[in-house]
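If you read the sequence shown in UniProt numbering, its first letter stands for residue 1, the second for the next number, and so on. Where a beta carbon is used, it is the ideal one built from N, C-alpha and C, also for glycine. Note that this is a predicted model, so its numbers are computed, not measured.
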Amino acid sequence: MSNDTSNQSVVTANKQGAFVRPSSSFRNFIEKGGEFEPEAGRYHLYVSVACPWAHRALILRKLKGLEDIVSLSIAAPRMHAKGWAFSNVDNFPGATIDHVNNSEYIREVYFKAEPNYSGRFTVPVLWDKKKETIVNNESSEIIRIFNSGFNDILPTEKAALNFYPKELQKEIDELNEWVYETVNNGVYKTGFAKTQEAYESAIRPLFDSLDRLEKILYGKEYLVGDRLTEADVRLYTTIIRFDTAYHGIFKCNLRTIRDGYPNINKWLKNLYWNNDAFKSTTDFDHIKTNYAFMAHINPTQVVPLGPIPNIEPLTA
Numbered sequence: 001m002s003n004d005t006s007n008q009s010v011v012t013a014n015k016q017g018a019f020v021r022p023s024s025s026f027r028n029f030i031e032k033g034g035e036f037e038p039e040a041g042r043y044h045l046y047v048s049v050a051c052p053w054a055h056r057a058l059i060l061r062k063l064k065g066l067e068d069i070v071s072l073s074i075a076a077p078r079m080h081a082k083g084w085a086f087s088n089v090d091n092f093p094g095a096t097i098d099h100v101n102n103s104e105y106i107r108e109v110y111f112k113a114e115p116n117y118s119g120r121f122t123v124p125v126l127w128d129k130k131k132e133t134i135v136n137n138e139s140s141e142i143i144r145i146f147n148s149g150f151n152d153i154l155p156t157e158k159a160a161l162n163f164y165p166k167e168l169q170k171e172i173d174e175l176n177e178w179v180y181e182t183v184n185n186g187v188y189k190t191g192f193a194k195t196q197e198a199y200e201s202a203i204r205p206l207f208d209s210l211d212r213l214e215k216i217l218y219g220k221e222y223l224v225g226d227r228l229t230e231a232d233v234r235l236y237t238t239i240i241r242f243d244t245a246y247h248g249i250f251k252c253n254l255r256t257i258r259d260g261y262p263n264i265n266k267w268l269k270n271l272y273w274n275n276d277a278f279k280s281t282t283d284f285d286h287i288k289t290n291y292a293f294m295a296h297i298n299p300t301q302v303v304p305l306g307p308i309p310n311i312e313p314l315t316a
């Protein structure tokens, strides 16, 4: 058993007090002819619906119609001393038990895959029931796996859906790169900054990039190629949390999305209200509770009620 005592709430910072995100540890793929073959019922996804990185995987699982192919367990949103917990420890509405390994905490899944594991116990986790190990715990790769890894066993109409089309890959990759650094991870750099200098060094690029995205989305429904791609999925999971969590708890408070970015707000509402893969996987109670329970930045753990509404109606 590993002697690691880290959990999801531990924040890694450099000498300047800036947040540094550790790399993921398990980086295998599901592919025909590979070590992990695409099979219905073989794989299991562990998530917290509060977590934006895990939320990406939930959306792709829904978009590609993988619900009956890749099973699911959902951790409770409140962070415990041992990390993400299942409903047999924290019976928060919407949380489930670990349907595969009967674990109490996500960390037990990691230790089952690697008894000497010494990293962080993050979600999402893609688990192989046959080999009893973790396939992948990097969200950007799991969504690529879901996009194409199961196409051979999907119905034709679902297999045909491609959210990372070859002709748009260069543009998607370029956008993903700066969005990740300054927006997806930028909100964490801002919220977890331990010095004023680190905070200001993070918040300014964050809002510069939001300004840039506002221009990109002028008169457009999607970010790249006038069609839904993984770029929209990756940005959505940050923006849907912005007004409800990052603006207040993470001090990302130069502007809200709803009042400061009409084009981004319209794009967000279109995805949420018009595509069930986005709406049905978004749980504001889990989101608000998770961020409010980060005691190192919100010691009272009081969960904010606002904003009201959590997301504006489509016509607003």
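Residues bridged to residue i by DSSP?
i, result
"Ser71", "His44"
"Asn136", "Arg27, Leu126"
"Arg258", "Partner(s): none; Arg258 has no beta bridge."
"Tyr105", "Ala85"
"Arg227", "Val224"
"His80", "Gly83"
"Phe36", "Ile30"
Residue i: which of the options sits nearest, CA to CA?
i, options, result
"Leu210", "Asn136, Asn184, Asn137", "Asn184"
"Ile106", "Gly119, Asp90, Phe86", "Phe86"
"Ile142", "Pro307, Leu271, Phe29, Tyr261", "Phe29"
"Phe26", "Arg120, Leu223, Trp178, Val135", "Val135"
"Lys189", "Leu175, Arg204, Glu177", "Arg204"
"Glu67", "Tyr272, Glu221, Gly191, Phe150", "Phe150"
"Tyr218", "Thr244, Pro262, Val233", "Pro262"
"Gly306", "Trp84, Phe284, His296", "Phe284"
"Asn102", "Glu114, Lys279, Ile74", "Ile74"
"residue 329", "Glu132, Val100, Lys32, Phe36", "Any property of residue 329 remains undetermined from this structure, which presents the chain solely from 1 to 316."
"Asn176", "Leu213, Gly34, Lys279, Arg61", "Leu213"
"Ser71", "His99, Met79, Asn91", "His99"
"Val233", "Phe36, Leu60, Glu31, Gly34", "Leu60"
"Lys251", "Glu31, Gly191, Ala159", "Gly191"
Would you kindly check if the distance between the Cβ of residue j and the Cβ of residue i is under 8 Å?
i, j, result
"Asn147", "Lys64", "yes"
"Tyr246", "Val303", "no"
"Glu230", "Tyr180", "no"
"Ile249", "Asn310", "no"
"Arg56", "Thr237", "yes"
"Glu167", "Val224", "no"
"Arg42", "Lys129", "yes"
"Glu221", "Asn270", "yes"
"Leu45", "Pro124", "yes"
"Glu104", "Asn88", "yes"
"Ile97", "Leu126", "no"
"Thr244", "Ile308", "no"
"Trp53", "Ser139", "yes"
For residue i, collect the residues of the same chain with a Cβ closer than 6 Å to its Cβ; drop the 5 residues on either side in sequence, then sort them by chain order.
i, result
"Asn290", "Ala50, Pro77"
"Phe207", "Leu254"
"Asp90", "Ala76, Arg78"
Count the other CB atoms, across all protein chains shown, that sit within 10 Å of the CB of residue i; report buried if there are 16 or more and exposed otherwise.
i, result
"Thr122", "buried"
"Met1", "The pLDDT assigned to Met1 is 30, lower than 50, so where the model puts this residue is not dependable; a value taken from the coordinates is nonetheless given after this. Exposed, because fewer than 16 other Cβ atoms sit within 10 Å of the Cβ of Met1."
"Thr182", "buried"
"Arg120", "buried"
"Arg241", "buried"
"Glu157", "exposed"
"Asn137", "buried"
"Arg227", "exposed"
"His296", "exposed"
"Gly33", "exposed"
For residue i, which residues from the same chain have a beta carbon less than 7 Å from its beta carbon, with the 5 sequence-adjacent residues on both sides left out?
i, result
"Ile239", "Ile257, Ile264, Leu268"
"Leu58", "Val47, Val49, Thr281"
"Ile216", "Leu223"
"Trp178", "Ser209"
"Ala292", "Ile249, Asn298, Gln301, Val302, Val303, Pro304"
"Leu161", "Leu63, Lys64"
"Phe278", "Ile59, Tyr236, Leu271, Tyr272"
"Glu35", "Asn28"
"Ala159", "Asn151"
"Ala95", "Ile74, Ala75, Ala76, Phe86, Ser87"
Excluding sequence positions up to five away, which residues of its chain have a Cβ less than 8 Å from the Cβ of residue i?
i, result
"Ile153", "Pro38, Glu39, Ala40, Ile69"
"Asn274", "Leu314"
"Glu312", "Arg258, Asn265, Lys269"
"Glu174", "none"
"Asp276", "Lys62"
"Phe92", "Ala76, Pro77, Arg78, His286, Thr289"
"Gln169", "none"
Counting only beta-carbon atoms, is residue i nearer than 8 Å to chain C?
i, result
"Ile30", "This model lacks chain C altogether, as it is built from one protein chain only."
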